[in-house]
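These notes are about the structure you will find just below.
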Amino acid sequence: MKHILFGACVVFLSISSFAQKVDLDRFSFDYSYLKLPKEYIDPAKRTFGVRVETSKSLGIVTDVNQIYDRIRVGGFDKVGQNPTVGVEVQFNSFKILGYEIKERVEEKKDKDGRVTERKVYYWAEVKYSSEGNYAIMGPRTPTQKQAEAQAKEMEKNRFLQQANVSNESFKVMSGSTGSYSQTYKTSEFKNSMDVRDYYRDNQVLIREEITREWVNRTISTINQQLADLYGFDESKGRDHLWILDSKSHPEYPIQQEAIKAVKQLMTEMSAFRNIKVLEKNLGPVMSYFEELKRKYKGSDKREQKMRYSAYYNLAKLYYLLDRPDDSEKEAIGLIQNGFDTSDGEMFVKMAKTLRDDLARQKMDTRHFE
Numbered sequence: 001m002k003h004i005l006f007g008a009c010v011v012f013l014s015i016s017s018f019a020q021k022v023d024l025d026r027f028s029f030d031y032s033y034l035k036l037p038k039e040y041i042d043p044a045k046r047t048f049g050v051r052v053e054t055s056k057s058l059g060i061v062t063d064v065n066q067i068y069d070r071i072r073v074g075g076f077d078k079v080g081q082n083p084t085v086g087v088e089v090q091f092n093s094f095k096i097l098g099y100e101i102k103e104r105v106e107e108k109k110d111k112d113g114r115v116t117e118r119k120v121y122y123w124a125e126v127k128y129s130s131e132g133n134y135a136i137m138g139p140r141t142p143t144q145k146q147a148e149a150q151a152k153e154m155e156k157n158r159f160l161q162q163a164n165v166s167n168e169s170f171k172v173m174s175g176s177t178g179s180y181s182q183t184y185k186t187s188e189f190k191n192s193m194d195v196r197d198y199y200r201d202n203q204v205l206i207r208e209e210i211t212r213e214w215v216n217r218t219i220s221t222i223n224q225q226l227a228d229l230y231g232f233d234e235s236k237g238r239d240h241l242w243i244l245d246s247k248s249h250p251e252y253p254i255q256q257e258a259i260k261a262v263k264q265l266m267t268e269m270s271a272f273r274n275i276k277v278l279e280k281n282l283g284p285v286m287s288y289f290e291e292l293k294r295k296y297k298g299s300d301k302r303e304q305k306m307r308y309s310a311y312y313n314l315a316k317l318y319y320l321l322d323r324p325d326d327s328e329k330e331a332i333g334l335i336q337n338g339f340d341t342s343d344g345e346m347f348v349k350m351a352k353t354l355r356d357d358l359a360r361q362k363m364d365t366r367h368f369e
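Sequential numbering of the sequence shown, starting at 1, is according to my numbering.
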């Protein structure tokens with residue numbers, strides 16, 4: 001009888017330890033959607049124009065036509081006259097101010113700290129100055145403080161109290177394309193004479209390389225600001241779900257099937273493809289995560305972690321499927337679940353931002369045919 005009881009206890013302990021192991025791990029997948037800009041422009045008015053000015057002394061590196069072609073706004077047409085958004089960029093001057101030879105020492109030591117090998121590397125540090133400017137001109141929505149200040153001003157002015165005034169204003173964002181005392185580093189050499197010879201023989205190439213970097217950096221800055229304010233550009237990347245990684249858990253095989261399905265199905269997500277079919281195909285997986293919340297409803301931390309993964313995964317998928325309200329609902333459940341509430345707070349903010357972005361752009365999705 002004692003042996004039977006002992007055996008039963010062993011089985012019970014084995015089952016208990018079996019049930020305790022709930023390890024979650026990140027499993028990645030791909031996504032794609034259109035990044036929505038800060039400003040709304042009526043689709044019929046989404047045009048932009050570019051004017052480029054360069055100094056002839058800068059050479060072919062600052063070719064006007066090439067710079068013109070490389071400045072773009074996603075979702076906008078480039079026009080020659082009367083654009084809604086205008087860009088002006090100037091590359092005025094560039095000067096090499098001189099160079100200085102620098103060195104660094106690389107040492108290898110033995111276990112007693114004695115230097116066994118010593119190498120010295122040399123390079124030229126070229127000082128230069130560049131001068132230029134750019135301006136982005138287009139409609140801008142005033143900040144809350146600016147709108148409040150405008151409203152107060154209208155209240156004070158008897159002639160503006162009944163006026164129908166738009167909140168939209170036309171603003172200029174400007175910046176410098178260059179500055180003084182910048183430096184450029186050449187390749188490294190094993191003796192200082194090689195550095196001097198290299199600089200002497202390659203001054204034209206060095207000048208062109210520095211100028212090219214200057215132009216590329218400026219174009220990148222302008223395009224980033226245009227995209228942030230007005231452009232509809234594809235955002236592609238990798239994200240993750242929290243999936244059970246405990247092989248001894250009975251849920252493990254199903255979870256592995258679920259993430260494999262998500263990985264495969266999400267390869268079909270594109271900013272330029274309607275997501276209704278994808279949403280339908282993800283339905284069974286999302287129903288499975290929904291079921292987990294009801295299946296593991298105990299207060300035990302292991303079940304709490306299982307619910308956490310379900311809430312998290314649903315919040316993430318709803319967000320990527322452009323359903324901010326449903327994502328926020330799962331986020332609130334994530335907070336109430338009590339395990340890593342910061343993730344729930346993060347999803348609440350993400351859902352609000354997405355909801356506001358869609359409303360501002362008068363859209364209901366970030367995915368289009």
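Glycine included, C-beta positions come from ideal geometry on N, C-alpha and C.
Only exposed fits F272, as fewer than 16 other CB atoms lie within 10 angstroms of its CB. By the neighbour-count criterion, in which a residue is buried when 16 or more other Cβ atoms sit within 10 angstroms of its Cβ, D343 is buried.
The stretch 47-63 makes contact with the stretch 81-97, as at least three CB pairs between them are under 8 Å. When the Cα atoms are used, V85 and E328 turn out to be separated by approximately 35 Å.
DSSP places V64 inside the alpha helix (DSSP H), whose first and last residues are V64 to R70. P37 is classed as buried because its beta carbon has at least 16 other beta carbons within 10 Å across all chains shown. S246 and K21 have their C-alpha atoms spaced approximately 6 Å apart.
Shortest Cα-Cα distance from G98 to any of T183, Y31, R26 and E291 involves T183. For S192, the closest alpha carbon among the candidates M137, P139, R200 and Y121 is that of Y121. Here the stretch 239-255 lies against the stretch 295-310, with 3 or more beta-carbon pairs under 8 Å apart.
At least 8 Å separates the beta-carbon of F27 from that of Y230. Here D112 is exposed. Its C-beta has fewer than 16 other C-beta atoms within 10 Å. Ranked by Cα distance from P139, the options K236, P83, S299 and N216 are led by P83.
The beta-bridge partner set that DSSP reports for S32 consists of K236. Secondary structure note for E213: it is in no beta strand (DSSP E), and the uninterrupted alpha helix (DSSP H) holding it is Q203 to L229. Residue state for L321 is assigned as coil, using DSSP reduced to three classes. The three-state reading of DSSP puts P43 in helix, counting H, G and I together. In the DSSP annotation of this structure, the continuous segment of the beta strand (DSSP E) that includes Y122 starts and ends at V115 to R140. Only exposed fits D356, as fewer than 16 other CB atoms lie within 10 angstroms of its CB. The stretch 317-326 and the stretch 297-304 do not touch, with fewer than 3 CB-CB distances between them shorter than 8 Å. Taking C-beta atoms under 8 Å as the contact rule, N133 and S187 fail to qualify, at a distance of about 32 Å.
Sequence-distant partners of D364 (beyond 5 residues in either direction) whose C-beta falls short of 8 Å from its own C-beta, in its chain, are D322 and L358.
Excluding residues up to 5 positions away in sequence, T84 lie with their Cβ nearer than 8 Å to the Cβ of K45 in the same chain.
Burial is judged here by how many other beta carbons sit within 10 angstroms of a residue's own beta carbon; E330 has at least 16 and is buried. With respect to the C-alpha of Y68, the residue from K109, F368 and I222 having the closest C-alpha is I222.
Going by C-alpha positions, I206 is about 8 Å away from Y199.
In the structure shown, T353 falls within a helical segment according to DSSP collapsed to helix, strand and coil. In the three-state scheme derived from DSSP, where H, G and I count as helix and E and B as strand, Q361 is classed as coil.
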